[in-house]
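Residue numbers (the working numbering): 75 to 372.
Positions of the beta carbon are idealized from the N, C-alpha and C atoms, including for glycine.
Just so it is clear, the structure is predicted and the values come from calculations on it, not from any experiment.
See below for the structure under consideration.
This is the structure in C-alpha cells:
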C-alpha cells in the first residue's frame, strides 16, 4: 500500500518533477497530480510520466494527502491564497523554496488557522538546468532536506513531510527559518550572484568572444551555476534581500583585503589568505567525500 494516496505538486520542473519521480520509484504515491503555469510544460510532464494527471482547477487540491509547492518563491503567495479554500483537515502542505522567512509569512497570511498543516522545507539539491526534462528520480538521494518547522505544526504533519522526503532518499535536518536564510545567503545565494556577475561582466565586454574562447575548467567550475534559471534566482535574491546584502558587504571586505595585498605587493598576505581558504575547502571536500562513501550503493 502507498504511503500517500494523492499528492498535488505545483511546479513540475526540476525539483517538483524529481520529487514526483522519486516517489513513483519508491511506490510511495498512488496518484500524483501536477499544476504548472505553462500548459506546454504540464503536457510534457504528463507525456514523460512524471505526473499521472495534469490539472488546472484548484478543486483538485481537495482530498490530497500532501501538497508540494515547488514553484519559484515569488509565485508562492498567490498559490497559497488559491489553495487555502480547498485544504481539508488531512492535507499537509510543504514547499521546496530556497528562502523561508518570506514563504512562512506568505503562508501565514493566506492559510490562517490552517497554518499548523504547513511544514516549510528546502531540498539542498539542484542543477544548472531547469524544467521537467531535467527532473530525475535520484536527485535527492543522499542529499539534505532542511525542515524549518513552525511552532504551530502538529507532529503528524511534520512526520508526513519528513516521510515524503525520506522516501526520496534524502536526510532530514532542522533549522529555524531565520537561521536558514542567513546560512543560505552565504553558501548559496551569494555564490550564485557572484557567478552571474562574473559571466555578465565578460559577456558585456567588447572582446567577450576571446575571453570565452580561452576560458577553461576553472572558469567552468566557478561559473557553472550562472546557467541557472534567471526568474527563480531573481525571486530568491529579492526574497532574501537583507541577508544577502549583509553577505555582499562581508565578501567585499574580503575582496578589499586581497586588493590591498596586491597593491602593496604583499605576497605573504596573499599566501596566508590563500592557505586559510585552501585548508577550509579541503576539509569541507573531505567531509563530502566521507558522506558520499557512507551513502547506500544502488
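According to the Cβ coordinates, are residue i and residue j closer than 9 Å?
i, j, result
"residue 95", "residue 210", "yes"
"residue 213", "residue 259", "no"
"residue 238", "residue 165", "no"
"residue 88", "residue 208", "yes"
"residue 196", "residue 219", "yes"
"residue 121", "residue 108", "no"
"residue 278", "residue 100", "no"
"residue 162", "residue 138", "yes"
"residue 403", "residue 289", "The shown model of the chain, from 75 to 372, leaves out residue 403, and the question about it has no answer."
"residue 136", "residue 86", "no"
"residue 134", "residue 206", "no"
"residue 77", "residue 216", "no"
"residue 158", "residue 123", "no"
"residue 113", "residue 306", "no"
Taking only three categories from DSSP, how would you classify residue i?
i, result
"residue 107", "strand"
"residue 164", "coil"
"residue 174", "coil"
"residue 146", "coil"
"residue 169", "strand"
"residue 91", "helix"
"residue 292", "helix"
"residue 204", "coil"
"residue 349", "helix"
"residue 365", "helix"
"residue 287", "helix"
"residue 114", "helix"
If you compare alpha carbons, which of the options is closest to residue i?
i, options, result
"residue 250", "260, 112 and 225", "225"
"residue 84", "170, 197, 165 and 99", "170"
"residue 345", "356, 142, 332 and 310", "332"
"residue 275", "153, 148 and 297", "297"
"residue 303", "183, 269, 358 and 114", "269"
"residue 320", "223, 263 and 145", "263"
"residue 348", "328, 116, 323 and 293", "328"
"residue 292", "281, 283, 273 and 309", "273"
"residue 230", "261, 140 and 91", "140"
"residue 271", "308, 105, 223 and 244", "308"
"residue 325", "158, 261, 111 and 118", "261"
"residue 314", "188, 233 and 257", "257"
"residue 102", "124, 79 and 252", "79"
"residue 154", "129, 364, 198 and 192", "192"
"residue 175", "117, 336 and 223", "223"
Can you tell me which residues form a DSSP beta bridge with residue i?
i, result
"residue 83", "108 and 142"
"residue 192", "167"
"residue 78", "103"
"residue 159", "Per DSSP, none; premise fails for residue 159."
"residue 197", "219"
Please decide whether residue i counts as near chain D, where near means a Cβ-Cβ distance under 9 Å.
i, result
"residue 304", "Chain labels in this structure do not include chain D; a single protein chain is all it has."
>> Report the start-end ranges of each beta strand (DSSP E) in the region 120-144 that is 3 residues or longer and not cut off at the edges.
In response: Counting only runs of at least 3 residues, the region 120-144 fully encloses the following beta strand (DSSP E) elements, listed from N- to C-terminal order: 140-143.
> What runs of the alpha helix (DSSP H), each 4 residues or longer, lie entirely inside the region 207-283?
Replying inline: Taken in chain order, the complete alpha helix (DSSP H) segments of 4 residues or longer contained in the region 207-283 are 229-241, 251-258 and 264-277.
>> Just to confirm the assignment: which complete alpha helix (DSSP H) runs, minimum length 4, are found wholly within the region 295-331?
In response: Correct list: 304-313.
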